[in-house]
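Engineer:
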Amino acid sequence: MEFFPISDEVIKPVSITQLKSLTDFEDPAIKYFAGKVKYTLNFTASDIVSANDSIVLDLGNLSATAEVILNGKLLGYPWQSNTCISVTGMLKADNKLEITVANVCRNRFIGDLIQYGSVKSLWTTSPIETILNKDMPLKPSGLMGPLKLILHIKQ
93 MEFFPISDEV IKPVSITQLK SLTDFEDPAI KYFAGKVKYT LNFTASDIVS
143 ANDSIVLDLG NLSATAEVIL NGKLLGYPWQ SNTCISVTGM LKADNKLEIT
193 VANVCRNRFI GDLIQYGSVK SLWTTSPIET ILNKDMPLKP SGLMGPLKLI
243 LHIKQ
């Protein structure tokens, strides 16, 4: 995962083996993250590549608007969980899937209230302390999956 925070914070890329909410990470910079996070997955699909088959990519659970790119081609900007996008005819033996999710500021504001007692990471004119507090639950964020390729075999 690559992080593009809306603040001046620098967060090093992280390798993961399983999708989960950013709020499930121990690192506060990730747990309370606000900005865009890019997930990159290289995968092989030689077993399911066929001109006769219909294939969709199911994005599973995602928290906000995402940009989906497969093998350098923009597939769209889904904003609902379990969105399925046709990838028929786009898969190769070796593929690169990039999904960039735009996360909202809510968790970062709550994180600031937990960590610092006031808002420090982001600038706003809104009276955040009248809207949010450190005891509020975090909103699951990022790409939580599962990602699935669904094959519909034509007969």
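Per this note's numbering, the very first residue in the sequence shown carries number 93; after that it's consecutive.
We put the beta carbon where it would ideally sit given N, CA and C, even for glycine.
1. Whose CA, out of S173, G234, W215, lies closest to the CA of D150?
2. For P170, which option in S178, N163, V102 has the closest C-alpha, if you only look at C-alpha atoms?
3. Taking 9 Å as the cut-off, decide whether the C-beta atoms of P232 and T115 are in contact.
4. Could you check whether I245 and N144 sit closer than 9 Å to each other, using their CB atoms as the reference points?
5. To the nearest angstrom, how far is the alpha carbon of V211 from that of T180?
6. So the candidates are K184, M236, G168; which of them puts its Cα closest to the Cα of D139?
7. So L235 packs on F201, CB below 8 Å; how close in whole Å?
Structural biologist: Straight from the coordinates:
1. Shortest Cα-Cα distance from D150 to any of S173, G234, W215 involves S173.
2. S178
3. yes
4. Annotated as proximal: N144 and I245, with beta-carbon spacing under 9 Å.
5. 46 Å
6. K184
7. Contact doesn't hold; Cβ gap of about 21 Å is too wide.
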